[in-house]
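Just so we're aligned: 517 in UniProt numbering is position 517 of the sequence shown, and the numbers increase by one with no gaps anywhere.
Cβ coordinates follow ideal geometry from the N, Cα and C atoms, glycine included.
The structure appears below as structure tokens.
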Amino acid sequence: MEDIHLRTKPLEMADTLDPLSPSLNDSTSTTGLVHKLRLRFGRTSPPRPPGDGYVEFGEFRSERPGIKKVGTFAGVFCPVVLSMFSALVFIRMGYLVGNAGLLVTLGQFGLAYLIVGFTVMSICAISTNGAVEGGGVYFMISRTLGPEFGGAIGTLFFFANVVSSALCISACTEAMVENFGPNGYLVGDSPGLPDGPWYRFLYRSALNAAGLSVSLAGASLFARTSLAIWVTTVVCLFSALLSFFITAPGQIDKPDTNHLVNATNFSYTGLSAVTLKQNLYSDYAGDYTTTGGEMVDFASVFGVLFTGVTGVMAGANMSGELKSPSRSIPLGTLAALLFTALSYAALVVLTAATCSRELLQNNYVYLLPINVWPPFIAVGMLTATFSAGLSNLIGASRVLEALAKDNIFGFLLRPMVSHSGNPVLAVIASWLLVQIGIMAGSLNAIAQVNSVLFMTSYFAINLACLGLDLASAPNFRPTFKHFSWLTSLLGLVGCAMLIFGLRPAYACGVALACCSLVVALHLLSPAASEPKWGSLSQALIFHQVRKYLLLLDPRREHVKFWRPQMLLLIGSPRQAAPLIDFVNDQKKGGLFVIGHVRVGQLDGSGDPLADEHKYWLKLIDHLKVKAFVELCLAESIRNGAAHLTRLSGLGAMKPDTVLLGFRDSAPPKDFFRDPTSPYTTSEFELDTGAVIFPARTPASPRLSASEYVRIVSDVLCVNKNVCLCRHFHSLDMAAVERKVSSLKYIDVWLVELLAPSREEAFTVRALFALQLAAVVRSARGWQHLRLRVHIATSAPAVLSEAGRSYSLGSDPAMDPNLPELAPGRPVNERLEELLKLLRINATTHNISEWPTLEDTSRWSDSSLDDNSVYQRLPVSYVQKVNGIIKSRCEQGTAVTFVQLPAPPRLPAAPSPEDDAICEQYLKVLDEFTKDLSPTILVRGLKSVTSTAL
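So, in structure tokens, the structure goes:
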């Protein structure tokens, strides 16, 4: 049975009782499908040495010896520039200007750079707020938004890098065919490389294999060669810009890959105001690189254009190879952004001023024939696209390794973790996925998917930075100051609008995939079950809860909006699991606090309750209740209970009702070990033999009767309602929810045991019990039960309170919120009218056989103040009352609510006589509730009902 039995000596908690120890968390006997699946994902996890895996912002670990790091220019600036140029600068500029026109193209570049600029500010803010490990963008998002959201976005970002690598390899293949294929610009009339779908797939596979070879050699090798590649690309770009001023006007031949138009050549006018005017506005045409020449539109142009700014993440992806990521990422990324913006603007304007629209729409590689030396452009095409593809391949492998190190997908990615500095298996897995991606064929089709995936990643970066700023976390102190919540918000909104405005189908697919991943990772990921880093959601929740708690003014409370706010004091949850479950239903969206007292005192060696608190939180998870836990260390059980009663809660959210288990001598039931119990678990029994929350045994120290009664009196003294709960070991919550036919009713007895009266039903204490019963019936799983209200019609129409008798209408205990009910009418009629006014669906039952006390002179005004009333109360009277209630319970009552008689008034200083008085009081309660259904003895002090709107 539930017993207050709050421990009278400290529980010896061994150092091994760590909630994160393998003996507890890796137990396979824990019930629950989700937990079993999560354990399956995280099973056989190899022990990690200290320092392995990823660390939180602000933590540092020593670098592995022998691994060289790179600086800002070679590690960030060059990779970002090369990744941003990729396929756009040499291969698709004609596609943009020829279809969208100069103004729209510049506008699209401006919009893209605006969003990317806001995102870069967010990246700079996060990356300068602490140590950034490998994984780049994924690392930043996961350490901010938590493993579920971070893992989902990291997965999408991984695929974005894979798709981007496939796009660059396809562009490199296109450049090879245009230059070295049949009738290519650099081979003239010679046959050159054979062309065809399968030949192009072969070229892509060869380029992808070359990228694999470089990646296996190490990212630092690429970082060091990127400087030479960058110099080569810049020289080629400068030659293209210079050619606009040098090359004379002429006719440019149509490429052999264009089968869409019949014309054979198009005009290159040189610098011309007329040409510039003709190219100002958009004029969309068919795309000759697609099957059937699909029409181009604004969205498709922007999708291709946006691939020219997605490379901004390349520097962040190299964070694991940088000497100082917090310094190099902001500086290198911003410099690369400015350099590429100026390059794009110059190329767009000069293209629109020199090339006819027909040339731009039908020859995307127009820069080759007009260059002063065409091999410049050929080299630029090949180096820019291949290096960008290689950069994305390396970036994808680093993100995949980061996901594996963080144990996001459990054993699925565990082999991807590298101990040598270069994740070989992650590189090979990324290469295989790129190999699948290059089967798509059309560069422009790949670009649409690539843009949506990268915009989703940008959205997450801005969301993370916005949340950090709004949460006002004291540890968010980035050294990069040129950002604000407004820039993050603008970047976030801009990404969302572009994704859904331009490609709604793709956007919905990505959003669905992201949400599905978040849910799946939350349920199954080992990293989500025990995250080792903070989650922004917790910071935001704290920020909002604090704000609204301050707005919740206790002075503005009104009875119309009352809801139960419960404090349940328990000793061992092993024997009180059904009671905890029941109170969780009874709270009706209110506050539920589980309180526990341990006798002891601080001895200077630390908080003795700190370790135990973790297990109470695991208990909340196991029982699936929405409750808070409050633990108290006190010199006595009574003092601890008083502290919890007065101090539990915060602000206006404080318990107004205290529930205790009933003090009796019945042996308790261990619901955690009972195989037939729905609460069975071995989570709280460790391999060492230690038992968390040991149940009371006959040899356990027992709370004295006087201390127990004083706890009840203390609760009433501070003007809080009190409930004593008995027989809840027999409550089968599963049977209630299954709607078994043997459970039909919830009974409420509106009769005072010591002073039965027909008018008791209209008092504050009675209506409080009625309200609690109505709340229980409204809870999910209880709504099929019928509420029965019992009144004693044979009792006199006199009320007694605090030793004084009152006639009808003059009792101060009458609820002041009740309407005037005609006193001359029968009690049951007035009660039914009251129930209608209170909107409580219940049936009333008149108990005419309620016994009377034989000698009424023994219950005069003066005698009620005397604590000897409980000694003089006839046992036969209490047994008859118990028999009446029991007969109703046998009709199928799930829970019974009865009135709790007022506890005896004890002197402030304990005396030897107290125990005798309290033992007699508890004996009366024991006889009163013996062999009933689960019973709650209620003593209400506050008005909680209202008939007003």
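With respect to the alpha helix (DSSP H) encompassing residue i, which residues constitute its N-terminal and C-terminal limits?
{"i": "Ser173", "result": "Reading off the sequence shown, one finds Thr at residue 173, where the question assumed Ser. Counting along the chain, the alpha helix (DSSP H) containing Thr173 begins and ends at Pro147 to Phe180."}
{"i": "Asp714", "result": "Ala705 to Cys717"}
{"i": "Glu321", "result": "That residue, Glu321, is in no alpha helix (DSSP H); it is neither H nor E in DSSP."}
{"i": "Pro907", "result": "Careful: Pro907 lies outside any alpha helix (DSSP H) and carries neither H nor E."}
{"i": "Lys69", "result": "Looking at the DSSP string, Lys69 is not in any alpha helix (DSSP H), and its letter there is neither H nor E."}
{"i": "Asp607", "result": "Where Asp607 is concerned, there is no enclosing alpha helix (DSSP H), given that its DSSP letter is neither H nor E."}
{"i": "Ile570", "result": "Note, Ile570: premise wrong, no alpha helix (DSSP H); not H, not E."}
{"i": "His522", "result": "Pro504 to Leu524"}
{"i": "Met313", "result": "It is not in any alpha helix (DSSP H) - Met313 carries neither H nor E in the DSSP assignment."}
{"i": "residue 958", "result": "Any property of residue 958 remains undetermined from this structure, which presents the chain solely from 1 to 949."}
{"i": "Thr456", "result": "Leu443 to Ala471"}
{"i": "Pro79", "result": "Cys78 to Phe85"}
{"i": "Gly883", "result": "Val875 to Cys889"}
What does residue i pair with, by DSSP beta-bridge criteria?
{"i": "Ala842", "result": "Leu787"}
{"i": "Gln565", "result": "Leu591"}
{"i": "Thr896", "result": "Asp747 and Thr935"}
{"i": "Phe266", "result": "Ile252"}
{"i": "Asn721", "result": "Thr657"}
{"i": "Phe628", "result": "Val593"}
{"i": "Ala634", "result": "Val599"}
{"i": "Arg726", "result": "Thr935"}
{"i": "Met295", "result": "Gly286"}
{"i": "Leu650", "result": "Met653"}
{"i": "Val775", "result": "For Val775, which the question treats as bridged, DSSP gives no partner whatsoever."}
{"i": "Val691", "result": "Glu685"}
Go ahead and label residue i buried or exposed: buried means 16 or more other beta carbons lie within 10 angstroms of its beta carbon, across all protein chains shown.
{"i": "Trp373", "result": "exposed"}
{"i": "Gln251", "result": "exposed"}
{"i": "Tyr54", "result": "Any reading at Tyr54 must be qualified, since the residue scores a pLDDT of 34, below 50, and its modelled position is unreliable; no value is offered."}
{"i": "Trp198", "result": "exposed"}
{"i": "Ala471", "result": "buried"}
{"i": "Thr945", "result": "buried"}
{"i": "Trp782", "result": "buried"}
{"i": "Ser665", "result": "exposed"}
{"i": "residue 997", "result": "Limits of the chain in this structure are 1 at one end and 949 at the other, which puts residue 997 out of reach."}
{"i": "Asp747", "result": "buried"}
{"i": "Gln920", "result": "buried"}
{"i": "Thr763", "result": "buried"}
{"i": "Arg200", "result": "buried"}
{"i": "Lys720", "result": "buried"}
{"i": "Asp931", "result": "exposed"}
{"i": "Arg738", "result": "exposed"}
{"i": "Asn584", "result": "buried"}
{"i": "His790", "result": "buried"}
Looking at the structure shown, is residue i part of a helix, part of a strand, or coil, going by DSSP?
{"i": "Gly286", "result": "strand"}
{"i": "Tyr281", "result": "coil"}
{"i": "Thr351", "result": "helix"}
{"i": "Val372", "result": "coil"}
{"i": "Glu685", "result": "strand"}
{"i": "Arg200", "result": "helix"}
{"i": "Arg738", "result": "helix"}
{"i": "Lys36", "result": "Legend: pLDDT at Lys36 = 47, less than 50; position of this residue unreliable, value from coordinates given subsequently. It is helical."}
{"i": "Leu413", "result": "coil"}
{"i": "Val424", "result": "helix"}
{"i": "Thr929", "result": "helix"}
{"i": "Val261", "result": "coil"}
{"i": "Leu360", "result": "helix"}
{"i": "Gly809", "result": "Annotation note: pLDDT 39 at Gly809 (below 50); position unreliable, no value reported."}
So the beta strand (DSSP E) residue i belongs to, where does it begin and stop?
{"i": "Ile252", "result": "Gly250 to Asp253"}
Is the beta carbon of residue i sitting closer than 8 Å to the one on residue j?
{"i": "Leu96", "j": "Leu305", "result": "yes"}
{"i": "Pro79", "j": "Ser391", "result": "yes"}
{"i": "Leu468", "j": "Ala426", "result": "no"}
{"i": "Leu703", "j": "Leu567", "result": "no"}
{"i": "Cys168", "j": "Ala388", "result": "yes"}
{"i": "Arg765", "j": "Gly940", "result": "yes"}
{"i": "residue 950", "j": "Leu644", "result": "The chain is shown only over 1 to 949; residue 950 falls outside these bounds and no answer can be derived."}
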